[in-house]
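Comments concern the structure below.
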Ligand code: PGA
């Protein structure tokens with residue numbers, strides 16, 4: 016039986032008390048869930064949510080991290096700080112980081128390698144804009160993001176990496192890629208991975224889909240052979256919409 020990985024990215028939402036309340040609801044409602052689960056609250060809420068999630072089946076993730084271990088980097092949060100409070104995974108290269116904060120593949124790759132060095136599991140996000148898709152650049156954009164993002168990651172370390180395919184035009188817009196369209200891109204990502212690491216490693220890779228995943232489309236998306244989970248934004252902000260996605264089967 017396949018296993019799925021369902022992650023909630025809370026983005027820049029929720030105070031500490033609101034985050035704690037949501038984490039408590041999810042801990043209760045998802046106690047019996049058989050999928051791998053993650054929530055990624057804002058930095059300010061991580062420590063409090065870590066306390067709530069102790070002993071639960073939900074992994075604590077961060078939404079980003081600095082590219083250096085420590086030092087004079089005003090405004091950044093380091094991998095050591097995240098690890099210290101119980102963070103076990105980190106979302107890297109989210110399209111909002113790529114597009115609003117101009118993070119490029121080289122910087123993202125540096126963060127991927129740093130996370131792996133410290134035993135934090137990266138979720139590497141890739142995705143094309145509508146313009147790129149319409150210009151026929153889908154495969155070259157995705158291929159480059161995957162290859163550059165994973166530069167220097169060896170086959171053993173790859174096992175700790177998840178890839179999230181998030182078409183930029185589907186994030187927060189209510190537009191979802193059709194399950195067929197999404198699956199085709201996931202299959203392409205697997206092809207790129209097979210070229211880098213071989214068929215076995217490529218087949219074993221967890222590739223999440225993200226972009227307007229909701230309770231009413233999650234099951235159809237994850238029924239596709241190459242879609243192994245979901246990275247959920249808007250619908251992750253309430254237990255009543257996140258729990259049914261995680262409990263889709
Ligand atoms: P969305 O966000 O579910 O609100 O589209 C997904 C994401 O950005 O990870």
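In my numbering, the protein residues as written are 16 to 264.
Glycine included, each C-beta is placed from N, C-alpha and C at the ideal position.
- Residue range 136 to 141 is occupied by the beta strand (DSSP E) that includes residue 138.
- Remark: the shortest separation between the CB of residue 246 and any heavy atom of the ligand PGA falls under 8 Å.
- Cβ contact annotation for residue 40 (same chain, cutoff 7 Å, sequence separation greater than five): 254, in chain order.
- Just measuring C-alpha positions, the residue of 182, 165, 28, 263 sitting nearest residue 78 is 28.
- Take residue 144, set aside five residues on each side of it, and the residues of its chain with a beta-carbon closer than 6 Å to its own are 183, in chain order.
- Within its own chain, the residues whose Cβ lies closer than 8 Å to the Cβ of residue 58, once the five positions on either side in sequence are excluded, are 77, 78, 92, listed in chain order.
- By the neighbour-count criterion, in which 16 or more other beta carbons inside 10 Å mark a residue as buried, residue 121 falls on the exposed side.
- Note: residue 105 is bridge-paired with 77, 137 in the DSSP secondary-structure output.
- The beta carbons of residue 129 and residue 83 sit closer together than 9 Å.
- Inter-residue distance for residue 213 and residue 173 is about 12 Å (C-alpha atoms, whole angstroms).
- The segment 196 to 204 and the segment 231 to 247 touch, with no fewer than 3 CB-CB distances between them shorter than 8 Å.
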